[in-house]
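Trainee: Input: one structure, supplied below.
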Amino acid sequence: MAMAKAKPILYNAWISSCSHRVRIALNLKGVDYEYKSVNPRTDPDYEKINPMKYIPALVDGDIVISDSLAISLYLEDKYPAHPLLPKDLKKKALNLQIANIVCSSIQPLQGYAVIGLHEGSMSPDESLQIVQRYIDKGFRGRLKSFWMGAKVNMLLEMMSNWVMCF
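For the sequence shown, numbering that gives the first Met the number 0 begins at 0 and goes up steadily by one.
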């Protein structure tokens with residue numbers, strides 16, 4: 000008798016845009032997964048899953064993957080149906096370029112510690128100006144040349160929370 004394969008487990012938080020991106024990828028791919036809500040700052044057991052205490056983290060069998068882009072790329076390879084990335088090499092490269100801009104140049108600025116709200120070193124208005132400056136810098140030019148003919152893909156998945164804000 001064959002054993003049922005365990006569903007991947009997504010450790011995440013509803014407020015996390017990184018978690019949001021992974022939930023989008025899982026749902027676009029049609030992957031049946033277990034949703035586990037965690038607060039990485041207060042849940043002592045979560046540190047055993049991800050010692051950095053960042054969310055999200057995906058546990059799939061014996062592998063633990065953290066970082067929304069790494070999880071999305073893992074899902075892209077493991078579940079080839081409903082691709083997140085275009086097959087065309089140039090379009091794929093542009094998708095990955097913009098996804099990396101979001102994940103490494105824009106996303107980190109959204110954290111309370113980075114924008115100074117956590118320790119009260121900046122006012123909300125000052126923090127907002129800094130965040131808007133880098134979002135604008137990250138998107139200017141690159142998006143203007145890309146949006147024409149775009150379809151649902153990794154770019155849109157990575158940017159979904161910012162697209163909804165504008």
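By construction, the Cβ of each residue, glycine as well, lies at the ideal position given by its N, Cα and C atoms.
Taking just the CA atoms, how far does Gln131 sit from Tyr73?
Mentor: 30 angstroms
Trainee: Can you look up Val21 in the DSSP assignment and give me helix, strand or coil?
Mentor: helix
Trainee: For the candidate residues Leu95, Lys89, Met121, Tyr45, whose alpha-carbon lies nearest to that of Val63?
Mentor: Tyr45
Trainee: Kindly indicate which residue of Leu88, Val30, Ile14 has the alpha-carbon position closest to the one of Asn38.
Mentor: Ile14
Trainee: Tell me the residue span of the alpha helix (DSSP H) that contains Ala98.
Mentor: 88 to 99
Trainee: Do you know how far the Cα of Lys47 is from the Cα of Phe165?
Mentor: Because the pLDDT at Phe165 is just 30, under 50, the model does not fix this residue reliably, and the point stays unresolved.
Trainee: What did DSSP end up calling Lys4 once you bin it into helix, strand or coil?
Mentor: coil
Trainee: Classify Ala92: buried if its beta carbon has 16 or more other beta carbons within 10 angstroms, exposed otherwise.
Mentor: exposed
Trainee: Where does Ala56 land, buried or exposed, given buried means 16+ other C-beta within 10 angstroms?
Mentor: buried
Trainee: With DSSP run on the structure shown, which of helix, strand or coil describes Val130?
Mentor: helix
Trainee: I need the straight-line Cα distance from Asp31 to Asn94, nearest angstrom please.
Mentor: 25 angstroms
Trainee: By how many angstroms is the C-alpha of Tyr53 removed from the C-alpha of Ala12?
Mentor: 10 angstroms
Trainee: Quick check on Ser120: does DSSP put it in helix, strand or coil?
Mentor: coil
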